[in-house]
Each structure stands twice: as C-alpha cells, then as structure tokens.
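Residue numbers (my numbering): 37 to 367.
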C-alpha cells in the first residue's frame, strides 16, 4: 500500500505548532536560569540509564529503562518485572486495543521501577528474515506497524511514562550495525520505512531514538534532513531525540543536526568538548538552549520540575504502582 504524503499546509501547521511550543512554556522559562555547565549536563547521561539532576533548581534525574517487552529495573530498585510477548507476537494478533493494554502495563512497570522513559516501541520493518532484532519489531508491513506503534505510544504515555520510538531509521541489520549505510531513496523511505515513525509522532510520542546505522552515507544521529527538516520542520515533532547507546559520533555536527541527548554517560562527545565548542564560538548558545528546552519539557511531562518534581526514584515507585508488575495482564 502506498501512503500519500501529507499536504504541505498540514505539515506547515504542525511545524509552526512545534516551534511555538519550543519558544514558550515552563521549560523555555527555566532554561534562562541554568548555567552553561548545568545546561551541558542535561545533554548527556550521567551513567548508563540516568541524566544528572540539577538540585539547585529542583530538576530531578530523568531515568530510562529498556523495553520493549518489559521494564528492566533491578539496578534501580529491588523487585522483578513481567516479560510480555515480543512485538512480533503482539502484531500477530492484529489488535491495536491489545497493544494499548500491554503498553499501558509496561508503562506501569516502568513507573514501579522508578523510570520515566521506556525505550520502545521498536518500529523498524522486517526487511530481511535473518535480521537479528526482528523479534523486537512488529512486522514487515508499514501500515500494520504504524497502527500498532500509535497504540503502543498512547498506552505507555497514558500513565505518564514517555515512549521512545526507535530506531530512526532503516536500522534493520545487525551486521556491522554501527557502520553500515542503508541506501534508500526518498520515495521508498516515505512509503515504507518512515511510515511507522510518522504515525508515532502524530500519536504524540515524547521521545525518539536515532539509530546506529548511516542513512545514505551519513550517520542517523547527525543527519540534519532526518532529525530536523523531516522530523521537526515537516512533522512538527516537539520531543527529545536521543542517541542509541554509544552512537553519538560528533560534538558539534550531531547537536546542530538535532540530536538532543547523548546516551549513555558519562559524556563522551558532549561535556568538556561541548563547553569548548561554545566558548570558542563554534556552536551557538541558541543551539544548546534549543535542546535543553526539549530535555526539560520531557522531564516536565514525566517527572516534573521545581515544585512539581516527583522526588527521588524510590518515591516515584510508591502509591498504587507498588503492586504486582503489570497488574492482571501479568497474571
């Protein structure tokens, strides 16, 4: 099935809406109170799964957990999480409602282990039957994958946890996955591989993960057309773009292209290198602020900032979320 590209007017309206969101709101106000060091600290992880807090302004640590079939969390708090069927098995049911229920349960698991971001869904297509991570993705069909991606995003985020849609884009080979270049023309990209990502953005996804691979010779994590022109300017995305783990290859180019967050930490390409780039005039403060605002907005949506901060990871795992992981779905 060939998907029709959205009308230009609709794309422009979404882009203008996203730009307005970046220029207003609590996150935009808060960024002016941060020092350069504090801003830079929010653009890379402190360790494998966490961002550092900014205690001076009561900005809590943002915590991530891997998915997409169960929230890992034993390194954060004691306890176990249920493991749900993989995404390929879920897709075989052809039931968006079921995917919503399962993903909402995954979101509750994430909250129970004190995480704010669940690293899923994986919406790459099954391009080759021998691809090693096919089981993490829904199917070879872009329309089915798109509809299930929408349900997954809405389910996870219905409980206040961010879905992280991955891996943008054409990350469908485990062979030399960090260096391989996926050579794809724009028509095929738009009619097949980008369809699930666009639908996930339309569903309101709060975070997106850039992939390990190159797209037509340029790493996805520093690809301006992919991360800014398409994702933000055309689709109107206002969330965070995070690297896949250890997939940030440059300091200036990646941030300028639209990669907001380097993971994991401690910072490899950011940190001191980023501070030097700002102080020598190689990177403008507006580029830093743009990404910091997006990270702060993600924290607001999931953990709160200032007086709204949810407190420690242990505190966030309390309340009704202390029960059996996944509730009745987990059995």
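Each residue gets a CB set at the ideal place from its N, CA and C atoms; glycine is no exception.
ask   = Taking three-plus beta-carbon pairs below 8 Å as touching, is the region 312-331 in contact with the region 124-132?
value = no
inquiry  = Is the separation between the beta-carbon of residue 86 and that of residue 99 shorter than 8 Å?
reply    = For this step, residue 86 is matched to residue 50 along the chain shown. For this step, residue 99 is matched to residue 63 along the chain shown. Contact: yes.
key: C-beta contact flag for residue 158 and residue 123 at 8 Å   = Counting from 1 along the chain shown, the entry for residue 158 is found at position 122. Counting from 1 along the chain shown, the entry for residue 123 is found at position 87. For residue 158 and residue 123, yes; Cβs fall inside 8 Å.
message = I believe residue 323 touches residue 295 by the beta-carbon criterion, under 8 Å. Please report the beta-carbon distance rounded to the nearest angstrom.
response = Residue 323 sits at position 287 when you count from the first residue of the chain shown. Residue 295 sits at position 259 when you count from the first residue of the chain shown. That pair is no contact at about 11 Å.
request  = Kindly indicate which three-state DSSP category residue 73 falls into: helix, strand or coil?
outcome  = If you number the chain shown from 1, residue 73 lands on position 37. DSSP places residue 73 in helix when its eight states are reduced to three.
Inter-residue spacing [alpha-carbon to alpha-carbon] between residue 135 and residue 171 = In the chain shown, residue 135 corresponds to position 99, counting from 1. In the chain shown, residue 171 corresponds to position 135, counting from 1. Those two C-alpha atoms are separated by around 15 Å.
Start and end residues, beta strand (DSSP E) containing residue 102 = Taking the first residue of the chain shown as 1, we reach residue 102 at position 66. Per DSSP, residue 102 belongs to the beta strand (DSSP E) from 100-102.
query = Can you name, in chain order, every residue of its own chain whose Cβ lies under 7 Å from the Cβ of residue 262, other than the five neighbours on each side?
reply = For the purposes of this step, residue 262 is identified with residue 226 of the chain shown, where counting begins at 1. 204, 205, 251 and 256, listed in sequence order.
request  = To the nearest angstrom, report how far apart residue 71 and residue 304 are at their CA atoms.
outcome  = Against the chain shown, residue 71 aligns to sequence position 35. Against the chain shown, residue 304 aligns to sequence position 268. Going from the Cα of residue 71 to the Cα of residue 304 covers about 20 Å.
query = Taking the DSSP output, what are the residues bridged to residue 86?
reply = Looking up residue 86 in the chain shown gives position 50. Answer by DSSP bridge pairing, in chain order: 99.
query = Going along the chain, which residues of its own chain have a beta-carbon closer than 6 Å to the beta-carbon of residue 67, five neighbours each way excluded?
reply = As a first step, residue 67 is located in the chain shown; it is residue number 31 there, counting from the start. Closer than 6 Å at the Cβ level, and outside the excluded window around residue 67, lie 325, 328 and 329.
request  = Would you give the residue range spanned by the alpha helix (DSSP H) that residue 192 belongs to?
outcome  = Indexing the chain shown from 1 puts residue 192 at position 156. From DSSP, the alpha helix (DSSP H) with residue 192 extends over 178-193.
message = Report the start-end ranges of each alpha helix (DSSP H) in the region 132-180 that is 4 residues or longer and not cut off at the edges.
response = 132-148
message = Applying the 10 Å Cβ sphere with the 16-neighbour rule, what's the burial state of residue 65?
response = Within the chain shown, the letter at position 29 stands for residue 65. Exposed, by the Cβ-count rule.
query = Based on the DSSP output, what are the partners of residue 321 in its beta bridges?
reply = Within the chain shown, residue 321 is the residue found at index 285, counting from 1. Per DSSP, none; premise fails for residue 321.
inquiry  = Between the alpha carbons of residue 141 and residue 185, how many angstroms are there, rounded?
reply    = The residue you call residue 141 lines up with position 105 of the chain shown. The residue you call residue 185 lines up with position 149 of the chain shown. Their Cα atoms are separated by approximately 15 Å.
task = With DSSP collapsed to three states, give me the class of residue 197.
result = What you label residue 197 is simply residue 161 of the chain shown in a count that begins at 1. Coil at residue 197, not helix or strand.
task = Within 10 angstroms of the Cβ of residue 83, are there 16 or more other Cβ atoms? Answer buried if so, exposed if not.
result = Translated into the one-based positions of the chain shown, residue 83 becomes position 47. Exposed, because fewer than 16 other Cβ atoms sit within 10 Å of the Cβ of residue 83.
inquiry  = Counting C-beta neighbours from all protein chains within 10 Å, is the total for residue 321 16 or more, i.e. buried, or is it exposed?
reply    = Sequence index remark: in the chain shown, residue 321 carries index 285 (1-based). By the 10 Å Cβ count, residue 321 comes out exposed.
inquiry  = On the criterion of 16 or more Cβ atoms from any shown chain inside 10 Å, does residue 231 qualify as buried, or is it exposed?
reply    = As a working mapping, residue 231 is identified with position 195 in the chain shown. Buried is the call here.
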